[in-house]
Amino acid sequence: MKTILTILVALGMLATLGTLFAGMLGLAKGDGSGARSNLLMRWRVIIQGVTLLLFALLLMVAHR
Numbered sequence: 001m002k003t004i005l006t007i008l009v010a011l012g013m014l015a016t017l018g019t020l021f022a023g024m025l026g027l028a029k030g031d032g033s034g035a036r037s038n039l040l041m042r043w044r045v046i047i048q049g050v051t052l053l054l055f056a057l058l059l060m061v062a063h064r
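To convert, note that position 5 of the sequence shown is 5 in full-length UniProt numbering; the numbers rise steadily by one, no gaps.
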């Protein structure tokens, strides 16, 4: 269980970082409206929240 949670947390961290960079690159380029960047930032917050929940679950499992 700990191994699966560790992998999911690592994947969540990478997904958060990738979404963050995609949103920042869109802002830096200035291509089109800010709607795409806003959507990406919303997804970043969602992915980050899920990753934090998985991390908290990992800590609970690890300290049993």
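Glycine included, each C-beta is placed from N, C-alpha and C at the ideal position.
Collapsed DSSP secondary structure at residue i in the structure displayed
| i | result |
| --- | --- |
| R36 | helix |
| M60 | helix |
Range of the contiguous alpha helix (DSSP H) that encloses residue i
| i | result |
| --- | --- |
| G12 | 2-29 |
CB-CB length for residue i against residue j, believed under 8 Å
| i | j | result |
| --- | --- | --- |
| A22 | L40 | 5 Å |
| M1 | V61 | 6 Å |
| L5 | L54 | 6 Å |
Could you tell me whether the region 15-25 touches the region 36-51, using the rule of 3 or more Cβ pairs below 8 Å?
yes
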